[in-house]
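Report on the following structure.
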Amino acid sequence: AQSVTQLDSQVPVFEEAPVELRCNYSSSVSVYLFWYVQYPNQGLQLLLKYLSGSTLVKGINGFEAEFNKSQTSFHLRKPSVHISDTAEYFCAVSLRSARQLTFGSGTQLTVLP
Amino acid sequence: EADIYQTPRYLVIGTGKKITLECSQTMGHDKMYWYQQDPGMELHLIHYSYGVNSTEKGDLSSESTVSRIRTEHFPLTLESARPSHTSQYLCASSADGSYGYTFGSGTRLTVV
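Just so you know, the sequences run in chain order A and B. For what it's worth, my numbering labels the leading residue of the first sequence as 727, then goes sequentially. For what it's worth, my numbering labels the leading residue of the second sequence as -9, then goes sequentially.
Have a look at this one:
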């Protein structure tokens, strides 16, 4: 079975600074990878996903993520964050044959003025 | 614009009441899911369905029940609400693994 580890539960960062949210997964077979964002009192919104092909994936709101198969990682990055990026971010993985996603425990990103 | 709808968005209800949280999607997805989430915490899968008349319990034990009589509708019912049921409930749907999930806006339930 696959699992997802988000290495940081909370990440504070100053406005306009770069940020990286870390995600590692464990699986012996090919997977699909996702990042979701959740604003307060909202559902989750898809930021980006990796299915195959280029290992650098660009998403909405200026976010991007890089798939690293050898390190089984899928870290999320943004070169310059805004106050409005303050939210909870969830990494998720799915086996290509599966019908469910496995979610990480989430990372709270707080952007400070 | 959301294609999956949850109602109500907020609900405050007394202990012992029966409640139904509604979830509907217009995308024709076969797979639907219910998650429970406490504030700032991880998601816990409580129910899922892979099609009409098919429902299963998830990883987290829950006193709630679900039904799937129509593809687009996946309501969750609590027969007798208790304060321990206070939480946010998220509904999601999916076409297949490569699409990920589409989530509703959630229902925040408070049982007093």
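Cβ atoms here follow ideal geometry from the backbone N, Cα and C, with glycine treated the same way. Here the structure is a predicted model, which means the values were calculated and not measured.
From A:SER799, A:PRO839, A:LEU759, A:SER831, residue whose alpha carbon lies closest to that of MET31 (chain B): Looking up residue 31 (chain B) in the second sequence gives position 41. Closest by alpha carbon: A:SER831.
CA-to-CA distance, GLN834 (chain A) to HIS704 (chain A), given in whole angstroms: Not covered by the structure: residue 704 (chain A). The range shown for chain A is 727 to 839.
Limits of the unbroken beta strand (DSSP E) element including GLY41 (chain B): Within the second sequence, the letter at position 51 stands for residue 41 (chain B). 34 to 41 is the span of the beta strand (DSSP E), which, as asked, contains GLY41 (chain B).
Distance between beta carbons of LEU35 (chain B) and TYR54 (chain B), contact taken as under 8 Å: By 1-based counting over the second sequence, the position of residue 54 (chain B) is 64. By 1-based counting over the second sequence, the position of residue 35 (chain B) is 45. Sequence check: residue 54 (chain B) is Ser here, not Tyr. With 8 Å as the limit, SER54 (chain B) and LEU35 (chain B) do not qualify as a contact, their Cβ atoms being about 12 Å apart.
Close beta carbons around THR16 (chain B), own chain, < 6 Å, minus the five adjacent residues each side: Numbered from 1 along the second sequence, position 26 holds the residue referred to as residue 16 (chain B). These residues qualify, in order along the chain: ASP(-7).
Beta carbon proximity, SER95 (chain B) to chain A, threshold 8 Å: Here the question's residue 95 (chain B) lines up with position 105 in the second sequence. Yes, its Cβ sits closer than 8 Å to a Cβ of chain A.
C-beta neighbour in chain B for LEU838 (chain A), strict 8 Å: Numbered from 1 along the first sequence, position 112 holds the residue referred to as residue 838 (chain A). No, no contact with chain B.
Where the beta strand (DSSP E) through ASP64 (chain B) begins and ends: To locate residue 64 (chain B), count along the second sequence from 1; it is residue 74. Residue identity differs from the one stated: residue 64 (chain B) is Phe in this sequence, not Asp. No beta strand (DSSP E) contains PHE64 (chain B), which DSSP labels as neither H nor E.
Below-8 Å beta-carbon distance, GLU32 (chain B) vs any chain A residue: Within the second sequence, numbered from 1, the residue matching residue 32 (chain B) stands at position 42. Yes, because at least one Cβ of chain A sits closer than 8 Å to the Cβ of GLU32 (chain B).
Neighbour flag for SER831 (chain A) against chain B, beta carbons, 8 Å: The residue you call residue 831 (chain A) lines up with position 105 of the first sequence. Interface residue, yes.
Below-8 Å beta-carbon distance, GLU790 (chain A) vs any chain B residue: Taking the first sequence and counting its residues from 1, the one referred to as residue 790 (chain A) is at position 64. Chain B contact via Cβ: absent.
Amino acids of chain A, ordered along the chain, whose beta-carbon sits closer than 8 Å to that of LEU80 (chain B): Counting from one through the second sequence, the residue named residue 80 (chain B) turns up at place 90. Among the residues of chain A, those whose CB is under 8 Å from the CB of LEU80 (chain B) are GLY769, LEU770, following chain order.
Pair within 8 Å by beta-carbon distance, PHE816 (chain A) and GLY90 (chain B): Counted from its first residue, the first sequence places residue 816 (chain A) at position 90. Counted from its first residue, the second sequence places residue 90 (chain B) at position 100. Going by C-beta atoms, PHE816 (chain A) is not nearer than 8 Å to GLY90 (chain B).
Min CB distance ARG803 (chain A) to chain B below 8 Å: Here residue 803 (chain A) refers to the residue found at position 77 when the first sequence is read from its first residue. By this cut-off, ARG803 (chain A) is not an interface position.
Local Cβ density within 10 Å of LYS21 (chain B), reported as buried at 16 or more and exposed below that: Translated into positions along the second sequence, residue 21 (chain B) becomes position 31. Label assigned to LYS21 (chain B): buried.
Of the residues A:SER823, A:LYS784, A:LYS775, A:ALA791, the one placed nearest SER756 (chain A), counting alpha carbons only: Taking the first sequence and counting its residues from 1, one reaches residue 756 (chain A) at position 30. If we check each option's Cα against that of SER756 (chain A), A:SER823 comes out closest.
Close Cβ partners of THR836 (chain A) (< 6 Å) along its chain, the five nearest in sequence each way excluded: Here the question's residue 836 (chain A) lines up with position 110 in the first sequence. Counting only Cβ-Cβ distances below 6 Å, and skipping sequence neighbours, we find PRO738, THR812.
Proximal residues to GLY6 (chain B) (C-beta, below 6 Å), its chain only, five neighbours per side dropped: For the purposes of this step, residue 6 (chain B) is taken as residue 16 along the second sequence, with counting starting at 1. Answer for GLY6 (chain B): SER70, listed in chain order.
Candidates A:GLN826, A:VAL783, A:VAL819, A:GLN771: closest to GLN732 (chain A) by CA position: As a first step, residue 732 (chain A) is located in the first sequence; it is residue number 6 there, counting from the start. Nearest in C-alpha terms to GLN732 (chain A), of all of A:GLN826, A:VAL783, A:VAL819, A:GLN771, is A:VAL819.
Residue(s) in a DSSP beta bridge with HIS801 (chain A): Residue numbering aside, residue 801 (chain A) sits at position 75 when the first sequence is read from its first letter. Answer by DSSP bridge pairing, in chain order: A:GLU792.
Any non-hydrogen atom of the ligand COA within 7 Å of GLU32 (chain B) CB: This structure does not include the ligand COA; it has no bound ligands of any sort.
is_contact[ARG825 (chain A), chain B] using C-beta, thresh 8 Å: Against the first sequence, residue 825 (chain A) aligns to sequence position 99. Chain B, which has a Cβ nearer than 8 Å to the Cβ of ARG825 (chain A), makes this yes.
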